[in-house]
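Visitor: Handing you this structure, nothing more for now.
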Amino acid sequence: MGAHAHDAARERRPGTDYAKWLLVAGFLALAGALAAAHTTPARGYELSIYAGTPLAFWVGTGVAVVAAVVALVVLDAAGALRGAALLLVSLAGFGVWALPVVRGYYYFGSGDALSHLGYAAEIAAGDLSTLDLLYPGLHTTGLAVSAVTGVRLGLAVELVVVAFLAAFLVFVPLCVRTLADGRAAVAVGAVAALLVLPVNNVSVHPVAHPTTQAILLAPALVYLLARYATAPTRGRSAAPYAVLLVVVGSSLVLLHPQQALNAVLLLAAVSGAQLAARRYRPAHRVATHRLVAGPTVLLAALWVGWSVRHERVSGSVEGVAASLAGGAAVADEATQRAGSLADLGGSIGELFVKLFGVSLVFVAVTGVVALLVRRRGFGSRSDRDALRAYLTVSLLPLAALFVVFFAASVTTQYFRHLGFLMVVATVVGAAGLADAGEWLARRWSPGVARAGLAVVLLACVAAQAPAMYASPYVYQDNAQVTEMRWTGYAATFETRDPGVPFTGIRGGPTRYVDAYYGPTSATAATFPGKETVVPPPDFGPGLATAYDEARYLPVTRADYLRETRLYDGFRYGEAGFEALDSSPGIARVRTNGEYRLYLLSGSD
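Numbering that gives the first Met the number 0 puts the sequence shown at residues 0 to 603.
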């Protein structure tokens, strides 16, 4: 029976009608969800994007995901219905990850993302050369989007962030399809993609964060690697993939050299496996693949050429080496954080499960796949087995680099490398889940096997969804920046007395200084008190005299909600905020509903 006749026969099956109606309901539910979110923009700061977004959005998106998974996996939709179901699940994931833009957030990202906005503004003003910035890819792309569309720079940068998330959603299923046979492969890949497991909200965030954008582009590199390696060795059929592989690799270097190094290690591991197979196992499919040594050497040369121009890279290497030599403080840091979480009613174990529970499932499945690859040895003649061998071998140098950074305890840098590792684990783990579904279908009832796979996938979505964004669920506050908060800081900087330093709750205004003046500007370098913290014991009626000299104290609604609602006054209590408006020596000099500026008289 031909392919078209086969698909036609499948569409005459009773399940086809169910799939059609399910998908109609799913698309209508998703359209309603997006409409509900867009027509209910954020009116102020929201401590949780989950609570701030209308319930209709979450219900509608959930219905869309369930409908798509049931149609794809349980009903095994074919032809156009299958394409529609894949589109639906991808659009549902895209809608969730684009939520800050859909709901009209003025800017999303109150930490590093603000500094990167400042870098982009400096480049636009001609105050900073792209050659002087270690990772100009995100910033220059944002400037290009702003120039073409005419939107403000902050929104343009947000659109770029969303575009990289979209790339992840597209390329993960394509990668899984190269590793796994069977109709479930792309479906499992699409669901795995919407989880975006590399985003861990520890050191990889869904904001303007170059290392995050580089990680999200990594599946494109993996896909192009697979297509290049498996292209016929004769002729020029691999030429387009070679060019695109170099382009994507170069983009990774410009996005963030740290993640580009991971890409170099991945390609180097694949090259090593190919050379070893040609020498010791010439019958293996790996030995017949096109060598990727050329693109590997070229990307490594680009990485070295770019990195040696920037002292920050050599400084990072020296810092890691010094930490390893002097002994790391991972245990001490973990103990301190565990104590803080215990005071808030949580625990490290609970937080770990929330943030990494689903990731552990994919890591475990990846481990099983790696064992199966090892068990089969180098006797396989399958392209898919060869590609699995490539990715499982690449885990060795990637994991080694993660261990180095973990042992050095360089803040939370090791979680960035974990993010890249989760790209590989997502692809290999999804392929393993698809294989498991096919294996069970051959040995048990196919219907039961498909239903079981659907339940596993939906359980992963349900478990991961609350941890996609920083929220009180994971003891973090929303990264939203409101327009009124931004204008409050801007007005303060325009009218401040240059001789009066600042202080702040949990930290000074350093990120807003970066965004407003530019991180490399002379003003930012000498800004008084930009990193000064209000001592928690002094946060009360006596705050005015806690400093020898006068101080500016910005207080935002985000500060208030974070400290009093999320942390329940752990460091800065309700009484301290109330004292700001009633204590002598403290004058409120600016307010707009989201931002208040106080002037502390000082003890002198």
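We put the CB at the ideal spot given by N, CA and C, even for glycine.
The model shown is predicted, which means the values in this text are computed figures rather than measured ones.
Straight-line CA distance for Y511 to R595?
Guide: If I take the Cα positions, the gap works out to 15 Å.
Visitor: Looking at C-alpha atoms only, which residue of Y551, G539, T544, P536 is the closest neighbour of E530?
Guide: The shortest Cα separation from E530 among Y551, G539, T544, P536 belongs to Y551.
Visitor: Which residue from G82, A398, N199, L359 puts its Cα closest to that of L605?
Guide: Within the shown structure, residues of the chain are numbered from 0 to 603, placing residue 605 beyond reach of any answer.
Visitor: If you drop the 5 nearest sequence neighbours on each side, which residues of the same chain put their C-beta closer than 7 Å to that of F492?
Guide: Y515
Visitor: If you follow the alpha helix (DSSP H) that A574 is in, where does it begin and where does it stop?
Guide: 573–578
Visitor: Would you call the region 523–538 and the region 491–508 in contact, with 3 or more CB pairs under 8 Å?
Guide: yes
Visitor: I'd like to know if the region 183–191 and the region 132–147 are in contact, where contact means that at least 3 CB-CB pairs between them fall below 8 Å.
Guide: no
Visitor: So, at 7 Å on beta carbons, what are the nonlocal neighbours of F351 in its own chain, with the 5 sequence-adjacent residues on each side left out?
Guide: Taken in chain order, the list of residues that qualify is empty.
Visitor: For A76, which three-state DSSP category applies?
Guide: coil
Visitor: On the three-state DSSP scale, how would you describe L142?
Guide: helix
Visitor: Starting from R383, trace the alpha helix (DSSP H) in both directions and tell me its first and last residue.
Guide: 382–407
Visitor: Using a Cβ-Cβ cut-off of 7 Å (strictly less than) and excluding sequence neighbours within five positions of E45, which residues of its own chain qualify?
Guide: G51, N477, Q479
Visitor: Does the beta-carbon distance from R589 to A490 come in below 9 Å?
Guide: yes
Visitor: Given this structure, state the Cα-to-Cα distance separating E593 from L251, to the nearest angstrom.
Guide: So the alpha carbons of these two residues sit roughly 38 Å apart.
Visitor: Which one of G366, E577, F538 has the shortest CA to CA distance from Y571?
Guide: F538
Visitor: Is L290 helix, strand or coil when you go by DSSP?
Guide: coil
Visitor: Would you mind sorting V246 into buried or exposed? The rule is 16 or more other CB atoms within 10 Å of its CB.
Guide: exposed
Visitor: Express the C-alpha separation of L243 and V161 in angstroms, rounding to a whole number.
Guide: 21 Å
Visitor: From R284 to S306, what distance separates their C-alpha atoms?
Guide: R284 and S306 have their C-alpha atoms some 35 Å from each other.
Visitor: Let me confirm a value: H5 is counted as buried when at least 16 other C-beta atoms fall within 10 Å, else exposed. Which label applies?
Guide: Reliability fails at H5, whose pLDDT of 47 lies under 50, so the model's placement of it is uncertain and the value that follows must be treated cautiously. Around the beta-carbon of H5, fewer than 16 other beta-carbon atoms lie within 10 Å, marking it exposed.
Visitor: If you follow the beta strand (DSSP E) that Y413 is in, where does it begin and where does it stop?
Guide: Looking at the DSSP string, Y413 is not in any beta strand (DSSP E); the run it does join, the alpha helix (DSSP H), is 413–442.
Visitor: Compute the Euclidean distance between the alpha carbons of S270 and A292, then round it to the nearest angstrom.
Guide: In this model, S270 and A292 are separated by some 5 Å (Cα to Cα).
Visitor: Between V100 and G94, what straight-line distance do the alpha-carbon atoms span, to the nearest angstrom?
Guide: 9 Å
Visitor: In terms of DSSP beta bridges, what is G503 paired with?
Guide: V532
Visitor: How far does the beta strand (DSSP E) with R587 in it reach, from first residue to last?
Guide: 585–590
Visitor: Could you tell me which of L452, M483, S393, R280 sits nearest to N591, measuring between CA atoms?
Guide: M483
Visitor: On the CB-based measure, 16 or more other CB atoms within 10 Å of its CB, does A219 come out buried or exposed?
Guide: buried
Visitor: Going by beta carbon distance, what residues of the same chain come within less than 8 Å of T502, once the five residues before and after it are set aside?
Guide: Excluding positions up to five away in sequence, the list reads G528, T531, V532, V533, Y546, R550, Y551, L552, L599.
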